[in-house]
Structure formats: structure tokens, C-alpha cells
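Notes follow once the structure below has been shown.
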Amino acid sequence: MDRSPRSTEHGYALVSVLLLTVLLFLLGTLVMRSVADSQGMVNISGDIVSAQADGETKLMLKLSDLRVQIINLQDQEDRVTLELVHDTAASYVDPDTVMMDEESQRYTAVVSAQGKSGKIIQTVQRKVEIALSYDPTGPSDGEDGNGYAVVSQGSLDINKTIIEGSIYTAGALADNQSTVNGQKVTPVTPPMNGLVLPSRVEVASMVSEFDQQLSQSLSDLLHQIPIRPANFEVSGNEHYTESTALKSLKLMDGAMIEIDGDLVIQGELTMQPGSNLSASGHIYINGNLIFNGGAEIHSGESIRVNGSMNMNGSTPTKAVIEGDIYTNQININGTLTAGRIYVKSEVNGTLYNRSQFKIYAAGSIALNAGSDSPSLLGYVYSNGAIHLNGNDKLTIEGTDINKQPPKQPADIVFIEGSL
10 MDRSPRSTEH GYALVSVLLL TVLLFLLGTL VMRSVADSQG MVNISGDIVS AQADGETKLM
70 LKLSDLRVQI INLQDQEDRV TLELVHDTAA SYVDPDTVMM DEESQRYTAV VSAQGKSGKI
130 IQTVQRKVEI ALSYDPTGPS DGEDGNGYAV VSQGSLDINK TIIEGSIYTA GALADNQSTV
190 NGQKVTPVTP PMNGLVLPSR VEVASMVSEF DQQLSQSLSD LLHQIPIRPA NFEVSGNEHY
250 TESTALKSLK LMDGAMIEID GDLVIQGELT MQPGSNLSAS GHIYINGNLI FNGGAEIHSG
310 ESIRVNGSMN MNGSTPTKAV IEGDIYTNQI NINGTLTAGR IYVKSEVNGT LYNRSQFKIY
370 AAGSIALNAG SDSPSLLGYV YSNGAIHLNG NDKLTIEGTD INKQPPKQPA DIVFIEGSL
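Quick look at the structure:
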């Protein structure tokens, strides 16, 4: 007997409902799986970020501890050597990355740290360079004194100071029981034995010309609204992968800022003990530079301080600066390791331990002895008067006289950088 059309339609409807139910079930399963996969991807991304941050924190602590161990080597009586640096750093660095250059007295290695979050492990690394024989870069041959340690285009007053090299004054010479292991050249005492009169350096003009060069090369940064760090006090490590303009800031103890390119700081820069500022290009500080303790600044080009550079602190400060410095004024209270320093006005300083720099001032220079036997390896030039108050303690070692590096490094330079 044949089925009625109504029964057939009812069967088709039932099949359609079943098929629709199956399709909805499959679609729901796919949607739930997609949501689960998306949540899993979000969780993985979050773990990657957390692991990276964990690694950066561990690396910062590891580098800080290594820096302290290396710098403290200067306080021991034994001679500091690359082998001693190697032994001290062994537990911090990756052993297969260590390189030692005896000629330049430099040790380089890679420090690694692993950050973890969930099942994700991130490895972060930083290159360290430790230099034992840091010599200040000097003017090209013939620009400095050609055998002179001290040159004054005004008067020269030396009180119980030892000077290894010749001295020159275009004005009056007042010598109170000082030792000069070289010639004393004055308006009435000409140079002899091949020594020639030193050339005049127009320091103020050099600083002004440098400002004009920077105003062109850094034009975009100088007119850029300064950005981060938003907080005045920077406590951690920050790395900028391009030229940057920053606001006035204070680098706290052990903090570091690294710039791949030029850096402009619109305002004052304060460096706390153990802090470090590094830029592969120029550094322009449109304000004062203040050292409140031992700190380092490294520039791949030059540094302009459009203000005063001051070494403060309740105890004598120890500063290391790499790159020629152009500043309006400088006040030294401690130990300074630097290259060439051009000062638009005057210089006042009390030296401790062993400093290295060549300084050129448009105004007067006054240097005093602050410890038992401070010394300056370098060159002192002024278009004004020079006052050296040694009190039987201070020694000025002209760079043309002392060509050999000291047996004990005058400083240990610790540089951190990207791979």
C-alpha cells in the first residue's frame, strides 16, 4: 500500500531537522575549538612577554653584581690583570664568548639570563667590555703643546706642584717651590733645544663652531618634543633603538640608558652612583650635567653640555667619560677619566687619586690637590690664568713625557652594550 504524501513530507522534515542538528553541532565544535586556540595563543603571547621581562630583570641584577665585583678590583693591593678580570667574571659570563686582547688590555664576553613564564623560556643577553688601560684621546699631533704639560696664555701660578714636562706662560710666572722637569718658557725666557712656542687655541670659537655643527646635524631632535622617560627618576635599564630626545632626568643607582643613535636631553641630567649613559652618536645636554657619585657616560661621537658639568657628592666622585666634551663650565671634585675637554669659560677642580684628561679652557683654570698624592695624566691649556695649588702633593704628567701606561690601571672601564 502506498504512503500518503503527508507522511513522506513528514519524513523529509525529520531528516532535515536531524541534518541541521548535526551541522549545528559540528559548527559549535569548530567555534569552541577556535576560541580555545585563540585563548591558547593569547596565553602564549602573555607568557612570552612575561618571560622576557623576567629575563631582563635577572640580567640587570647579574650585570649589576658583575660591575661591582670588577670595579672593586681597584681596591685590592694585587696588580689588576686581564687574568684576574677573567677569574672574577667567570661565574657571570658565557665561557665560550670570552675574548681577551693583551695589547689593548680589553676583556669582552656575553652575559646571559633566562626568564620563565609557564612553559615559555626566553634568553636575554648583553655584551660587556672591560678595559684596564683607558687612555684619554688627545688632539692630533701638533695641536697640543709639543712637549708642554701646562700652557697659559695669561699668567701662571704654581705652588709646590710637580710637573713632568715643560710649562709656558704668556704673562707672569709665580713659582713657589715647584718642580718642573722640563723648560720654563716665559716672555723673557725663550724655548731651547728644539722646543717651539705653543700655538694658541681659540677655545670659545671652537665651542661655538661645534654648536653650529650640532644645530644642523641634530636639527630634528632639537626641535622634537622630548618623550620618555615620563618619570624624572629612572631606576631600571632602558634601550632606545633610534635617535631620541628625552626630558630632564635623573639616572638612579645602577640604572642605565642605551641609545642606538644620537641623544638630546632637554634639561638637566643627574647621574647617581653606578649609573651609565651610552649613545652610539652625539649626546647633547641642554642643561647641567651633575655627577652625584661614580658614574659613566659613553658617546660614539662627542658630548655637548650646554650648561655646567659638576662633580658633586659627599665623597669625591669618580667619573668616566668617553667622547670629546664641550661644556660651558666645569667643576671637578674627585677623579675624572676623560678625553679632550673644551670649556667655554672657567675650570675649578680638586683632584683625587689618578685622573686622565686633556683640558682646554677659554677662561681661567684652578686645580687643587685633594688627596695624599693626586696626579693628572694629560695636558692643561688656558687662554686665561692657571693656578695649580699642589701643596707638595699634585703631579701633572704631560702626555708627551709619559708615553707608557701605568703599571696599575688608572681606571677600570665597564661598558655594557647590545650584541
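The numbering used here numbers the first residue of the sequence shown as 10 and each following residue consecutively.
Glycine included, each C-beta is placed from N, C-alpha and C at the ideal position.
Given the structure is predicted, the values throughout are model-derived calculations rather than measurements.
Annotation for SER244: MET261 and ALA264 place their beta carbon closer than 6 Å to its own, counting only its chain and skipping 5 residues before and after.
In summary, GLY343 is buried, with 16 or more beta-carbon neighbours lying within 10 Å of its beta-carbon over all protein chains present. About 16 Å separates the beta carbon of SER161 from that of SER354, a gap too long to meet the 8 Å contact definition. In this structure, the beta-carbon distance from GLY296 to SER252 does not fall below 8 Å. For a cut-off of 8 Å, the C-beta gap from SER284 to GLY309 is around 19 Å, too long to register as a contact.
VAL159 and ILE312 do not touch by the CB rule: their CB atoms are close to 24 Å apart, not below 8 Å.
The DSSP-derived three-state label of SER364 is strand. Nearest to VAL58 by alpha-carbon distance, out of GLY163, LYS128 and SER287, is LYS128.
Bridge partners of LEU93 according to DSSP: none are assigned. Looking at the DSSP output, ARG88 bridges to nothing. Bridge pairing for ASP184: ILE167 [DSSP].
In the three-state scheme derived from DSSP, where H, G and I count as helix and E and B as strand, MET320 is classed as strand.
The beta carbons of VAL197 and ILE176 sit no closer together than 8 Å. According to the DSSP assignment, ALA213 belongs to no beta strand (DSSP E) but to the alpha helix (DSSP H) extending over 212-226.
GLY283 sits in coil when the DSSP states are folded into three classes, being neither helix nor strand. Rounded to the nearest angstrom, the gap between the Cα atoms of GLU331 and ASP56 is 39 Å. The criterion of a C-beta distance shorter than 8 Å is satisfied by LYS169 and GLY399. In the three-state DSSP reduction, VAL107 falls in the coil class, being neither helix nor strand. DSSP lists no beta-bridge partner residue for ASP74. ARG115: member of the beta strand (DSSP E) spanning 115-126, first to last residue.
For the pair ARG135 and TYR293, the Cα-to-Cα distance works out to about 25 Å. In the displayed model, THR66 falls within a helix according to three-state DSSP. With contacts defined as CB atoms closer than 8 Å, ALA118 and LYS67 fail to qualify as a contacting pair. Per the C-alpha coordinates, the member of ASP166, LYS125 and THR90 positioned closest to GLN61 is LYS125. Secondary-structure assignment with DSSP links THR253 through a beta bridge to LEU272. Non-local C-beta neighbours of SER317 in its own chain, meaning closer than 8 Å and more than five positions away in sequence, comprise ASN297, LEU298, THR336, ASN337, GLN338, ILE339 and ASN340, ordered along the chain. The count of Cβ pairs closer than 8 Å, one atom from the stretch 210-217 and one from the stretch 274-282, stays below three, leaving the stretches out of contact. DSSP, reduced to helix, strand and coil, places ILE234 outside both helices and strands of the structure shown, so it counts as coil. Collapsing the DSSP output to three states places ALA370 in a strand.
Straight-line spacing of the CA atoms in LEU165 and SER382 works out to 22 Å. Taking a contact as a CB-CB distance under 8 Å, the pair ALA328 and PHE366 does not count as one, their CB atoms being some 10 Å apart.
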